[in-house]
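Chemist: The numbering of the first sequence is this note's numbering, which starts it at 18 and goes up by one.
C-beta: ideal position from N, C-alpha, C; glycine also.
Just passing along the structure, written as structure tokens.
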Amino acid sequence: MTLRLFNTLSRTVEPFAPLAPPRVTLYTCGPTVWNYAHLGNFRTFVFEDVLRRYLEYSGYDVLHVMNLTDVDDRTINAARAAGVPLQAHTRPFAQAFFEDGDYLRIKPAHHYPAATAHVPQMVELVSRLLARGVAYRGDDGSVYFAIDRFPAYGRLSRVERRDLKAGARVSSDEYAKEDARDFVLWKAARPEDEAVGAAWDAPFGRGRPGWHLECSAMARHYLGDTLDIHAGGVDLVFPHHEDEIAQSEAATGRPFARFWLHGEHLLVAGTKMSKRYGNFLTARDLRDDGWDAAAVRYLFAATHYRKQLNFTDEALSAAAAGAQRLAEFRERLLSAPSAPPGRVADLARHIEQAFEARMDDDLDVAGAIGGIMTMVREVNAEIDLRGGMSVEERQTFLAALDRVTEVLQVVPAAEAVPEIEVTAGPMPAMEAALGGALPAGPGPGEDLRAWATRMAELRVACRRLRRWDRADLVRRLLEDQGFEVRDTRDGVRLVPGRRTPKGA
RNA sequence: GGCGCCGUAGCCAAGUGGUAAGGCAGAGGUCUGCAAAACCUCUAUUCGGCGGUUCGAAUCCGCCCGGCGCCUCCA
18 MTLRLFNTLS
28 RTVEPFAPLA
38 PPRVTLYTCG
48 PTVWNYAHLG
58 NFRTFVFEDV
68 LRRYLEYSGY
78 DVLHVMNLTD
88 VDDRTINAAR
98 AAGVPLQAHT
108 RPFAQAFFED
118 GDYLRIKPAH
128 HYPAATAHVP
138 QMVELVSRLL
148 ARGVAYRGDD
158 GSVYFAIDRF
168 PAYGRLSRVE
178 RRDLKAGARV
188 SSDEYAKEDA
198 RDFVLWKAAR
208 PEDEAVGAAW
218 DAPFGRGRPG
228 WHLECSAMAR
238 HYLGDTLDIH
248 AGGVDLVFPH
258 HEDEIAQSEA
268 ATGRPFARFW
278 LHGEHLLVAG
288 TKMSKRYGNF
298 LTARDLRDDG
308 WDAAAVRYLF
318 AATHYRKQLN
328 FTDEALSAAA
338 AGAQRLAEFR
348 ERLLSAPSAP
358 PGRVADLARH
368 IEQAFEARMD
378 DDLDVAGAIG
388 GIMTMVREVN
398 AEIDLRGGMS
408 VEERQTFLAA
418 LDRVTEVLQV
428 VPAAEAVPEI
438 EVTAGPMPAM
448 EAALGGALPA
458 GPGPGEDLRA
468 WATRMAELRV
478 ACRRLRRWDR
488 ADLVRRLLED
498 QGFEVRDTRD
508 GVRLVPGRRT
518 PKGA
């Protein structure tokens, strides 16, 4: 059984094998750090994280590079608007990107090359293309790639030719091109660029790199001429990835990437999530609203990566409930009493086999979770039937469960939910409380948690005294403040109610 | 206009020729003083519509309807 992946180059699912096993070179297009990356961007990054983790699960040694685009029109415009140098503006957003990645449990890439730190590599690449005659200097001083000198142009996106709409506005730099379809490798410096330090000297003129250039130059610098896998969002297929192929292959004469993987868009109310439409949400929004990253990942995992996913609060809540069930199950597994061995070891084998079968089929994560959930039910039924499991069974199953969930990262951290637990201790003077009015919320100078703890103690006392009416009243007050009341064998546990986003 | 994708239960969704995974919600049950949580059971004769191919189709082909994406910055 081997991993099979949908390759955009062939538009078919192909068996995957790296050029030099066990090493797999993986290049993924990262964010443009002009602002916070939104959740749609992160859908792609999470997909790539699952890809990376599954390759590692499968025994490969992955070398992962993700670029940071820190010089382009948007970063320059934003820096100018803020009146600061380019990097003063981009650095905080790069930092925010890493924070969001940590929150979403994305495994860090081995390298995060920034475009501005690799200008020499890009200059070298442009020089090669000029020397080979596939690039030329336009009248405006910029350097362009001549796509009619690269016959394979269009192979990835299957765009034979870009038909400019009749009457479409042609931007000024279009006039400098020999062919309207040519794309810019190096943009001649403008005063606006100089103002924020976004211009560099080069043998072919002072300027800044075109967008596509950085990926070709940096991928080659860190991973060599030919990548095993290059991944990104579908919107990059054309022109970004098409242009990368043209630049790289024209320069090296070798295939640029063997597998091209593209993740589909995240939609909101049926439309692509985008800064431009204003319908976006950031990872930090979800974090600040109290959502566990596992819920977000579960939501993404529920839909295949090549299918559009419509984001809704309802879907996120449903995903959170599913993820929570996995956490509860894991807790139950840990605390199940000892019993003679049954069939749990068999189920452990099965959970991994089913997982691999689904994942090997072009990363069918949704199918993989279905298999895990089925095993959850089977093991629960075993615990119910036999009262527990053997120590060996527990270890075996837990190890298998952890191996598969390590790839998906859909199990909320056990300690993620701040709880209040009160057990029956020495009985304080409760007589008054058992009769008088009860505080419906925190008193002056008292925080919610202190009040809730006080009320929980009260409920324990009421229950011990069998004053069910008072115990019920206390529970209602706690529930009104958003706490879920769970009686335990010898006390009470309060769990903050499930959260919903304030707005999206 | 060109290229491509999608349409499966109340909601989300897997499944690409062999007779419908899974999750959420809902119903019943176990547990509980009552609850909550957890766990168990149940919930689509049917896969947008109409034709066709086939012993057999959600899965292949054609047409139609509905939705989305790319073709320009974009994950």
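For the beta strand (DSSP E) holding D504, just list the boundary residues, first then last.
Modeler: Segment F500 to T505, the beta strand (DSSP E) holding D504.
Chemist: In whole angstroms, give me the CA-to-CA distance for A362 and E373.
Modeler: C-alpha separation (whole angstroms): 17 Å.
Chemist: Within a Cβ cutoff of 7 Å, which residues of the same chain sit near V67, ignoring the five residues on either side of it in sequence?
Modeler: Closer than 7 Å at the Cβ level, and outside the excluded window around V67, lie L380, V382, V424 and L425.
Chemist: Should G100 be labelled buried (16 or more other beta-carbon atoms within 10 Å of its own) or exposed?
Modeler: Under this definition G100 is an exposed residue.
Chemist: Is the beta carbon of R206 sitting closer than 8 Å to the one on A193?
Modeler: It should be noted that the sequence gives Ala, not Arg, for residue 206. No, the pair does not count as a contact, with Cβ atoms beyond the cut-off.
Chemist: When you compare only the Cα positions, how much space is there between E73 and Y120?
Modeler: Cα to Cα, the separation comes out at about 21 Å.
Chemist: Using the C-alpha atoms, what's the distance from Y322 back to V502?
Modeler: Those two C-alpha atoms are separated by around 38 Å.
Chemist: E281 and V251 - do their beta-carbons sit closer together than 8 Å?
Modeler: Contact flag set, yes.
Chemist: Beta-carbon separation of P130 and Y239 under 8 Å?
Modeler: Yes, these two residues count as a Cβ contact at 8 Å.
Chemist: If you reduce the DSSP assignment to three classes, tell me which class N327 lands in.
Modeler: Three-state result, N327: strand.
Chemist: Which residues bound the beta strand (DSSP E) around Y161?
Modeler: Note, Y161: beta strand (DSSP E), V160 to F162.
Chemist: Would you identify the three-state DSSP class for P102, choosing helix, strand or coil?
Modeler: The answer is coil: DSSP assigns P102 none of H, G, I, E or B.
Chemist: Could you tell me the distance, in whole angstroms, from the CA atom of E522 to the CA atom of A248?
Modeler: Only positions 18 to 521 of the chain appear in the structure, and residue 522 is not among them; the question remains open.
Chemist: Please identify the residue among A310, P220 and G295 whose C-alpha is closest to the C-alpha of V63.
Modeler: Among A310, P220 and G295, the Cα nearest to that of V63 is on A310.
Chemist: Just the Cα atoms here: how many angstroms apart are N52 and R366?
Modeler: C-alpha separation (whole angstroms): 45 Å.
Chemist: Could you check whether A134 and P226 sit closer than 8 Å to each other, using their CB atoms as the reference points?
Modeler: No.
Chemist: Residues in its own chain within less than 6 Å of A185 by CB, not counting five upstream and five downstream?
Modeler: With a pLDDT of 39 at A185, under the threshold of 50, the modelled position of that residue is not reliable, and no figure is offered here.
Chemist: Ignoring anything shorter than 4 residues, give me the alpha helix (DSSP H) runs that lie fully in the stretch 286-334, in order along the chain.
Modeler: Fully enclosed alpha helix (DSSP H) runs of 4 or longer: 300-305 and 310-318.
Chemist: Could you tell me how far apart the beta carbons of V428 and R347 are, in whole angstroms, since I believe they sit closer than 8 Å?
Modeler: The pair is a contact, with the Cβ atoms about 6 Å apart (cut-off 8 Å).
Chemist: Going by the CB atoms, is the gap between W277 and L173 shorter than 8 Å?
Modeler: Yes, the pair counts as a contact, with Cβ atoms nearer than the cut-off.
Chemist: In terms of residues, what are the limits of the alpha helix (DSSP H) holding W485?
Modeler: Residues W485 to D497.
Chemist: Tell me which same chain residues have a C-beta within less than 6 Å of the C-beta of Y273, skipping the five on either side of it?
Modeler: Note that residue 273 corresponds to Phe in the displayed sequence, not to Tyr. I262, S265 and E266, listed in sequence order.
Chemist: Which of the three DSSP states, helix, strand or coil, is assigned to P459?
Modeler: Correct three-state label for P459: coil.
Chemist: Only counting the same chain, and skipping five residues up and downstream in sequence, which positions put a Cβ closer than 7 Å to that of F114?
Modeler: Closer than 7 Å at Cβ, skipping near neighbours: P48, V50 and A54.
Chemist: Hey, quick one: how far does the beta strand (DSSP E) through E195 stretch, first residue to last?
Modeler: It is not in any beta strand (DSSP E) - E195 carries neither H nor E in the DSSP assignment.
Chemist: For I400, which residues from the same chain have a beta carbon less than 6 Å from its beta carbon, with the 5 sequence-adjacent residues on both sides left out?
Modeler: Closer than 6 Å at the Cβ level, and outside the excluded window around I400, lie A353.
Chemist: Could you tell me which residues DSSP pairs with G250 in its beta bridges?
Modeler: The partner list for G250 (beta bridge, DSSP) reads G280.
Chemist: Just to confirm the assignment, what range does the alpha helix (DSSP H) spanning T391 have?
Modeler: T391 -> alpha helix (DSSP H) spans V382 to R403.
Chemist: Quick check for students: name the residue ranges of the alpha helix (DSSP H) that lie wholly in the stretch 113-169, counting only runs of 4 or more.
Modeler: Runs of the alpha helix (DSSP H) inside the stretch 113-169: 136-148.
Chemist: Would you call Y71 buried or exposed, if buried means 16 or more other Cβ atoms sit within 10 Å of its Cβ?
Modeler: Result: buried.
Chemist: Only counting the same chain, and skipping five residues up and downstream in sequence, which positions put a Cβ closer than 8 Å to that of P358?
Modeler: Closer than 8 Å at Cβ, skipping near neighbours: M406, S407, E409 and E410.
Chemist: Straight-line CA distance for S188 to Y315?
Modeler: With a pLDDT of 48 at S188, under the threshold of 50, the predicted position of this residue should be treated as unreliable, though the coordinate-derived value follows. For S188 and Y315, the distance between alpha carbons rounds to 43 Å.
Chemist: With distances taken from CA atoms, which of R304, A96, A312 and K124 is nearest D210?
Modeler: Taking only the C-alpha atoms, the option nearest D210 is A96.
Chemist: Pull up the distance between the alpha-carbon of R198 and that of G224, whole angstroms please.
Modeler: Cα-Cα distance, rounded: 21 Å.
Chemist: Give me the DSSP bridge partner(s) of W203.
Modeler: Per DSSP, V160 and P226.
Chemist: Kindly indicate the opening and closing residues of the alpha helix (DSSP H) around M406.
Modeler: Careful: M406 lies outside any alpha helix (DSSP H) and carries neither H nor E.
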